[in-house]
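The block underneath contains the structure these notes are about, expressed in structure tokens.
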Amino acid sequence: MRILVVEDEHKIANSIKKGLELESFAVDVSFTGSEGFDLASSEEYDLIILDIMLPGLSGLEICKKLRKENIHTPILMLTARGQVSDKVEGLNSGADDYLTKPFAFEELLARVRALTRRPKGSVGQVLSIENLSLNTLNFEVKRGKKQIMLSSKEYALLEYLLRHPNQVLSKDQIINHVWDYESDVLPNTVEVYIGYLRGKLGKPEIIKTVRGFGYKLEGK
Ligand code: CA
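The sequence shown begins at 1 in full-length UniProt numbering and counts up one residue at a time.
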């Protein structure tokens with residue numbers, strides 16, 4: 001899951017990034033409205049956290065412009081305390097949820113999780129295929145009864161695969177959703193991490209290579 005944070009207060013932006021990275025999200029930060037809009041409209045994010053008061057474009061303007069361009073990435077708006085009209089306007093402009101500053105990180109995380117959950121109709125917080133399961137709340141990964149310990153990046157990669165079962169995912173798609181903008185990622189990096197995952201998940205092989213295209217998590 002890759003998240004864009006658009007917030008001009010560096011301290012807040014950096015602490016959100018740090019906190020979310022500890023939860024295995026890939027996070028890009030933008031400190032201005034115009035750069036935030038450029039990133040939001042050119043990169044593939046799973047969620048955008050958007051402050052309202054920003055230099056350049058405001059959060060509300062960004063939100064409206066993105067929706068107008070048919071970009072429907074979920075948006076969590078950050079508003080200053082007590083600005084009720086901002087909240088209403090934020091939701092009207094196409095935001096999916098809002099949070100009033102100052103907020104506890106746990107609350108932000110709860111909203112982030114709610115907004116990045118699988119589309120409607122999926123079961124709870126446990127993603128699974130065959131006898132492999134991943135619990136997005138406590139990070140527990142199991143194959144059958146065996147618990148599997150993964151690094152943060154391996155976990156993020158497996159979560160992304162599990163959210164798109166039986167779909168061929170290109171290396172570029174995987175990079176876009178699992179690594180942030182600053183990471184130096186080569187297509188080979190994906191191969192390396194897929195290799196780590198295969199080693200840890202064991203047999204039978206559940207991650208299929210689709211030659212020339214990418215990878216597919218296969219099963220029921
Ligand atoms: Ca601000």
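Glycine included, each C-beta is placed from N, C-alpha and C at the ideal position.
Residue i beta carbon near ligand 1 (any heavy atom closer than 7 Å)
i	result
M53	yes
D8	yes
Whole-Å CB distance - residue i paired with residue j, under 8 Å assumed
i	j	result
G36	I75	So it is not a contact: roughly 11 Å between Cβ atoms.
V190	I174	5 Å
G33	S15	Not really, about 20 Å apart at Cβ, beyond 8 Å.
L78	I52	7 Å
S93	L60	5 Å
L20	V27	5 Å
G195	I129	Actually they are not in contact, since the Cβ atoms of G195 and I129 sit about 19 Å apart, beyond 8 Å.
Buried or exposed by the 16-neighbour rule on C-beta atoms within 10 Å, applied to residue i
i	result
A13	buried
E154	buried
H177	buried
D172	exposed
R163	buried
R2	buried
E44	exposed
V84	exposed
A110	exposed
L22	exposed
V123	Because the pLDDT of V123 is 45, which lies under 50, any placement of that residue in the model is unreliable, and the question is left without a value.
CB contact check: residue i to chain C, cutoff 8 Å
i	result
G219	This model lacks chain C altogether; it includes just one protein chain.
Next on the checklist: Can you confirm whether the segment 34–45 touches the segment 4–20 when touching is taken to mean that 3 or more C-beta pairs between the two stretches lie within less than 8 Å?
Outcome noted: yes
Checklist entry - Below 8 Å, can you find three or more Cβ-Cβ pairs linking the segment 196–215 to the segment 152–171? => result yes
Item to check | the segment 180–194 contacting the segment 129–143, beta-carbon criterion three pairs below 8 Å | outcome: no
Checklist entry - With a cut-off of 8 Å, do at least 3 Cβ pairs link the segment 105–119 to the segment 59–73? => result no
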